[in-house]
Amino acid sequence: MSLPPLAPVPSVKLRLELAPPEWEACIKAWASLSELYLRLPDESFARVATSPGILDMYLLSFFRESASLGSSETRLNNDSIYQLKKSAFLLVHRIFGSQVSPTLMHWEFFADLSHAYPHSESLRTLLKSFFERHGPSMEMSLHKIKSILITKLESERPEAAGPDMRRIIHLFRASPDAAAFFMVGSDFVDALTSAYDKASLDTRPCLVVTLYLGLSGLLHSSKPNFSILSDHLYSLRTHTEAAQKASKTANTLLVNLVTNTAFIHVMGKQTSSEATRARNTAASLSVFQQPSLRRPRRRPKPKVDKGKSREEPSTSEMHMHRMSLITQIQDLFPDLGTGFVAKLLNEYNENVEEVIAHLLEESLPAHLKSADRTEELNDIATQLQKSDLAPRSTPPAPEPTIPVRRNIYDDDEFDRLAVDVSKLHFGRKDKGTADDLLSNRESAPNKAAIISALAAFDSDDDERDDTYDAEDVGGTVEPGAEEADSGNEEVLFKAYTSTPQVFSRDALTRRSKERDGLRISTNMTDESIEGWAVMLARDPRKIKKLEAKYTSFTGQQRDLTPQSWTKTEETDDSDGRHASDRTRGGRGGFRGGRGRGRGGRGGPQGGSEASTRSDGQRGGAQQNRARKEANKSSRANHSRREQRAKKMARGGFAG
Numbered sequence: 022m023s024l025p026p027l028a029p030v031p032s033v034k035l036r037l038e039l040a041p042p043e044w045e046a047c048i049k050a051w052a053s054l055s056e057l058y059l060r061l062p063d064e065s066f067a068r069v070a071t072s073p074g075i076l077d078m079y080l081l082s083f084f085r086e087s088a089s090l091g092s093s094e095t096r097l098n099n100d101s102i103y104q105l106k107k108s109a110f111l112l113v114h115r116i117f118g119s120q121v122s123p124t125l126m127h128w129e130f131f132a133d134l135s136h137a138y139p140h141s142e143s144l145r146t147l148l149k150s151f152f153e154r155h156g157p158s159m160e161m162s163l164h165k166i167k168s169i170l171i172t173k174l175e176s177e178r179p180e181a182a183g184p185d186m187r188r189i190i191h192l193f194r195a196s197p198d199a200a201a202f203f204m205v206g207s208d209f210v211d212a213l214t215s216a217y218d219k220a221s222l223d224t225r226p227c228l229v230v231t232l233y234l235g236l237s238g239l240l241h242s243s244k245p246n247f248s249i250l251s252d253h254l255y256s257l258r259t260h261t262e263a264a265q266k267a268s269k270t271a272n273t274l275l276v277n278l279v280t281n282t283a284f285i286h287v288m289g290k291q292t293s294s295e296a297t298r299a300r301n302t303a304a305s306l307s308v309f310q311q312p313s314l315r316r317p318r319r320r321p322k323p324k325v326d327k328g329k330s331r332e333e334p335s336t337s338e339m340h341m342h343r344m345s346l347i348t349q350i351q352d353l354f355p356d357l358g359t360g361f362v363a364k365l366l367n368e369y370n371e372n373v374e375e376v377i378a379h380l381l382e383e384s385l386p387a388h389l390k391s392a393d394r395t396e397e398l399n400d401i402a403t404q405l406q407k408s409d410l411a412p413r414s415t416p417p418a419p420e421p422t423i424p425v426r427r428n429i430y431d432d433d434e435f436d437r438l439a440v441d442v443s444k445l446h447f448g449r450k451d452k453g454t455a456d457d458l459l460s461n462r463e464s465a466p467n468k469a470a471i472i473s474a475l476a477a478f479d480s481d482d483d484e485r486d487d488t489y490d491a492e493d494v495g496g497t498v499e500p501g502a503e504e505a506d507s508g509n510e511e512v513l514f515k516a517y518t519s520t521p522q523v524f525s526r527d528a529l530t531r532r533s534k535e536r537d538g539l540r541i542s543t544n545m546t547d548e549s550i551e552g553w554a555v556m557l558a559r560d561p562r563k564i565k566k567l568e569a570k571y572t573s574f575t576g577q578q579r580d581l582t583p584q585s586w587t588k589t590e591e592t593d594d595s596d597g598r599h600a601s602d603r604t605r606g607g608r609g610g611f612r613g614g615r616g617r618g619r620g621g622r623g624g625p626q627g628g629s630e631a632s633t634r635s636d637g638q639r640g641g642a643q644q645n646r647a648r649k650e651a652n653k654s655s656r657a658n659h660s661r662r663e664q665r666a667k668k669m670a671r672g673g674f675a676g
């Protein structure tokens, strides 16, 4: 006698219409028939498993309805359902060991199956062995949903992929091989990255969890693929660096991944030689962690509740914002009750991403691990009806106590955000100015002149003259500049020194012959001539330079005067006279000097001659001293200042 087929589980609408006794009878019938099918021999069970409509429809409907349970659904959440879930898992385990019906070879069935047993290690082992035997058949179904998800994620509304993403997340958690299949190629990761920038805040946690489980699948699959993992990490890092160049506070998919998940910690545990590159790449991603969002390493030990706190009313109101946070977590973990989720939010300061990360890693504190995961909040409907979000009129803005400072830029185009974007630039407008100046060869002659002038200056000269260090002798030597103005400058300066009134500004002077001659010789206008005189009168230093240049020395030395002392006629006359005096009246002079004997007569004469000779000697000494002072400038270093002025007049700079 053959067993009757298992009836599909009705939808929630039909379940609510059944009376409780009828529903209990259905549960008992499913449990009894499941036990009978499990007792069949292998050949009979294989024949039943491949027959359509006997076991496959029941298993599809059972796991589909279990995955779509709401928080208010109690028909499939009581104790009698747990025995039914156990028998359903045993049926699936035995079907996977034999021939599998084509009806069950769809990703929806595997996702709902993983959703029903989120913490089952037996299911992970079962799916791993199933992929080893029926991998190609399963990949056909996974390829279809992968293409659908990529299309939705790359659209303008990536939220459309939310239901399928939340459904397939459970398959990624239970089967690393399925997650690794989605990570093959860069199209799925690129779609997640582009969708994250456009997705809403409610959808972003789902994208982060999907990427985390997908990358983890490459590590824990039956054939770990570290090469693809390294490529994905490099692509994510490149996208994040480009986004942070535009905005340093850019919150990208990679930033959320390394901040709110344990991916870097998991990668650090990989010790194989093949994982070296991926491990180093993951370690470099720690620079993108945001300390403000990072989960604390250690949490303080929870205080023991001694029951001494103030009793809270059972009908305490709950804010709508808190209910939205609970709903976000239940979208990913629908098996959790609202009361348990509320405890998680209290533990982690209402940080949804941190709660999801701890649930994925199963790193909850001890007092939450032992808590009832199906705990519900009481009187939620009553609390929502008593919402404190009743509409109220907006109070007027308070008067500012501090006066507002105004300026001329108020209400301009920047203040009104009406400025043309094409006129804005960051930093220097012409960023290539320095490169253009360095590559321009037109300034090479000036540079060569500067270098030659600096080379001519010897700072180590032992007899260096520091008299003119304070003078502005110029740094850049332009040979043509002085030659162009030297002709007019000499004519103007000679006229300025001889007849300064020719530079007057009255009309009579401008019509004079002297002014007309100046205009013709210099080819300058009256205003230029008068301006030259005004500027020269204001610069006494320039007057001294022009005097030294055009009056003291012309640069042409016609006579070469001897620099040493020579004997002249005047000197010869004085010397001859002195010699005759000494020959003729030397003795008389001596006697006259004494005033004794025969030399008495000759004494006065000799004395007079001696007196004359003494005067001549004194006069010659004075002349010799004057000549020495006159010729003193031609020896030693007493004319350095004048000689330098001459050199400047000849060549333009000291050589």
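Heads up, the sequence shown is in this note's numbering, so the first residue is 22 and it goes up one at a time.
Note that beta-carbon positions come from the ideal geometry of N, C-alpha and C, so glycine has one too.
All figures in this text were calculated on a predicted structure; none of them were measured in a lab.
Exercise for the section: Using a threshold of 8 Å, state whether the C-beta atoms of Gly238 and Ala200 are closer than that. Expected result: Your numbering for residue 238 matches position 217 in the sequence shown. Your numbering for residue 200 matches position 179 in the sequence shown. Yes.
Problem - Pick from His191, Asp252, Thr224 that is closest to Val205, judged by C-alpha positions - result: For the purposes of this step, residue 205 is taken as the residue at position 184 of the sequence shown. Checking every option, the nearest Cα to that of Val205 belongs to Asp252.
Handout entry: Buried or exposed by the 16-neighbour rule on C-beta atoms within 10 Å, applied to Phe361
Key = On the sequence shown, position 340 is the one that residue 361 refers to. Per the 10 Å Cβ criterion, buried.
Exercise for the section: Grab the span of the alpha helix (DSSP H) containing Phe151 for me, first residue to last. Expected result: Residue 151 sits at position 130 when you count from the first residue of the sequence shown. Its alpha helix (DSSP H) spans residues 142-174.
Practice task
Would you mind reading off the limits of the alpha helix (DSSP H) that contains Leu567?
Solution key: Taking the first residue of the sequence shown as 1, we reach residue 567 at position 546. 561-568 is the span of the alpha helix (DSSP H), which, as asked, contains Leu567.
Exercise for the section: Pick out the complete alpha helix (DSSP H) segments inside the stretch 177-202, 4 residues or longer, and give them in chain order. Expected result: 183-195
Problem - Inter-stretch contact (C-beta, 8 Å, three-pair minimum) for the stretch 153-161 and the stretch 169-181 - result: no
Practice task
Count the C-beta pairs between the stretch 513-525 and the stretch 542-560 that are closer than 8 Å, then say yes if the count reaches three, no if not.
Solution key: yes
Problem - Buried or exposed (CB count within 10 angstroms, at least 16 for buried), Leu59 - result: Taking the sequence shown and counting its residues from 1, the one referred to as residue 59 is at position 38. Under this definition Leu59 is an exposed residue.
Practice task
Compute the Euclidean distance between the alpha carbons of Arg665 and Leu539, then round it to the nearest angstrom.
Solution key: By one-based count along the sequence shown, residue 665 stands at place 644. By one-based count along the sequence shown, residue 539 stands at place 518. Straight-line Cα distance between these residues: approximately 31 Å.
Problem - Where the alpha helix (DSSP H) containing Arg531 begins and where it ends - result: Counted from its first residue, the sequence shown places residue 531 at position 510. 528-531 is the span of the alpha helix (DSSP H), which, as asked, contains Arg531.
Exercise for the section: Would you identify the three-state DSSP class for Ile471, choosing helix, strand or coil? Expected result: Your numbering for residue 471 matches position 450 in the sequence shown. Helix at Ile471.
Exercise for the section: State the DSSP-derived secondary structure class of Lys327, mapped to helix, strand or coil. Expected result: Here residue 327 refers to the residue found at position 306 of the sequence shown. Note: Lys327 maps to coil in three-state DSSP.
Problem - Cα-Cα separation between Pro123 and Leu134, rounded to whole angstroms - result: Position 102 of the sequence shown, counted from the start, is the residue given in the question as residue 123. Position 113 of the sequence shown, counted from the start, is the residue given in the question as residue 134. Roughly 16 Å between the two C-alpha positions.
Exercise for the section: Identify whether Val440 lies in helix, strand or coil by the three-state DSSP scheme. Expected result: Residue mapping note: residue 440 aligns to position 419 of the sequence shown, counting from 1. In the structure shown, Val440 sits in coil (DSSP, three-state: anything other than H, G, I, E or B).
Exercise for the section: Would you tell me roughly how many angstroms separate the C-alpha atoms of Thr543 and Glu511, rounded to the nearest one? Expected result: Taking the first residue of the sequence shown as position 1, residue 543 is located at position 522. Taking the first residue of the sequence shown as position 1, residue 511 is located at position 490. Rounded to the nearest angstrom, the two C-alpha atoms are 10 Å apart.
Exercise for the section: Taking the CB atoms as reference points, tell me whether Glu262 and Ser221 lie closer together than 8 Å. Expected result: Numbered from its first residue, the sequence shown carries residue 262 at position 241. Numbered from its first residue, the sequence shown carries residue 221 at position 200. Going by C-beta atoms, Glu262 is not nearer than 8 Å to Ser221.
Exercise for the section: Give me the Cβ distance between Ala52 and Gln104, rounded to the nearest whole Å; I'm assuming they're in contact under 8 Å. Expected result: For the purposes of this step, residue 52 is taken as the residue at position 31 of the sequence shown. For the purposes of this step, residue 104 is taken as the residue at position 83 of the sequence shown. Right, their Cβ atoms sit about 6 Å apart.
Practice task
Give a yes or no on contact between the stretch 343-356 and the stretch 240-260, applying the rule of three or more CB pairs nearer than 8 Å.
Solution key: no
Handout entry: Backbone CA spacing between Lys570 and Lys668 [nearest angstrom]
Key = For the purposes of this step, residue 570 is taken as the residue at position 549 of the sequence shown. For the purposes of this step, residue 668 is taken as the residue at position 647 of the sequence shown. If you take the alpha carbons of Lys570 and Lys668, they lie about 10 Å apart.
Exercise for the section: Give the secondary structure of Pro26 by DSSP, where H, G and I count as helix, E and B as strand, and everything else as coil. Expected result: As a working note, residue 26 is residue 5 in the sequence shown. Three-state result, Pro26: coil.
Exercise for the section: Could you have a look at Arg85 and say whether DSSP puts it in helix, strand or coil? Expected result: As a working mapping, residue 85 is identified with position 64 in the sequence shown. Residue state, collapsed to three classes: helix.
Handout entry: Rounded separation between Ser293 and Ala109 - CA only
Key = Start at 1 with the first residue of the sequence shown, and residue 293 comes out as number 272. Start at 1 with the first residue of the sequence shown, and residue 109 comes out as number 88. C-alpha separation (whole angstroms): 39 Å.
Practice task
Let me know the secondary structure DSSP gives Asn509 once reduced to three states.
Solution key: Sequence index remark: in the sequence shown, residue 509 carries index 488 (1-based). Asn509: helix per DSSP, three-state reduction.
Practice task
Could you tell me the distance, in whole angstroms, from the CA atom of Lys565 to the CA atom of Phe447?
Solution key: Start at 1 with the first residue of the sequence shown, and residue 565 comes out as number 544. Start at 1 with the first residue of the sequence shown, and residue 447 comes out as number 426. Going by the C-alpha atoms only, they are around 52 Å apart.
Practice task
Determine the direct distance from the alpha carbon of Glu86 to that of Ala359, and round the result to whole angstroms.
Solution key: Within the sequence shown, the letter at position 338 stands for residue 359. Within the sequence shown, the letter at position 65 stands for residue 86. A small correction: the amino acid at residue 359 is Thr; Ala does not occupy that position in the sequence shown. Cα-Cα distance, rounded: 19 Å.
Problem - Burial state of Val27 (16 or more Cβ within 10 Å) - result: By one-based count along the sequence shown, residue 27 stands at place 6. The sequence given here has Leu at residue 27, not Val. Buried is the call here.
Exercise for the section: Could you tell me the boundaries of the alpha helix (DSSP H) in which Asp211 lies? Expected result: Numbered from 1 along the sequence shown, position 190 holds the residue referred to as residue 211. Residues 208-219.
Practice task
Along the alpha helix (DSSP H) that carries Tyr233, what are the first and last residues, could you check?
Solution key: Taking the first residue of the sequence shown as 1, we reach residue 233 at position 212. 225-241 is the extent of the alpha helix (DSSP H) around Tyr233.
Handout entry: C-beta atoms of Met126 and Ser162 nearer than 8 Å
Key = Locating residue 126 in the sequence shown gives position 105, counting from the first residue. Locating residue 162 in the sequence shown gives position 141, counting from the first residue. It is a contact, given that the beta carbons lie within the stated cut-off.
Problem - CA-to-CA distance, Ser391 to Asn372, given in whole angstroms - result: The count along the sequence shown starts at 1 and reaches residue 372 at position 351. The count along the sequence shown starts at 1 and reaches residue 391 at position 370. Distance between the alpha carbons of Asn372 and Ser391 is about 21 Å.
Exercise for the section: Less than 8 Å between the CB atoms is what I'm expecting for Ala378 and Asn281, so what's the real figure, rounded? Expected result: Position 357 of the sequence shown, counted from the start, is the residue given in the question as residue 378. Position 260 of the sequence shown, counted from the start, is the residue given in the question as residue 281. Their Cβ separation, rounded to whole angstroms, is 5 Å, which keeps Ala378 and Asn281 in contact under 8 Å.
Handout entry: Helix, strand or coil at Ala668 [DSSP, three-state]
Key = Indexing the sequence shown from 1 puts residue 668 at position 647. With the sequence shown as reference, residue 668 is identified as Lys, and Ala is not the correct amino acid for it. Helix, per DSSP.
Exercise for the section: Let me know if Phe309 comes out buried or exposed under the rule of 16 or more other beta-carbons within 10 Å of its beta-carbon. Expected result: Counting from 1 along the sequence shown, the entry for residue 309 is found at position 288. Result: buried.
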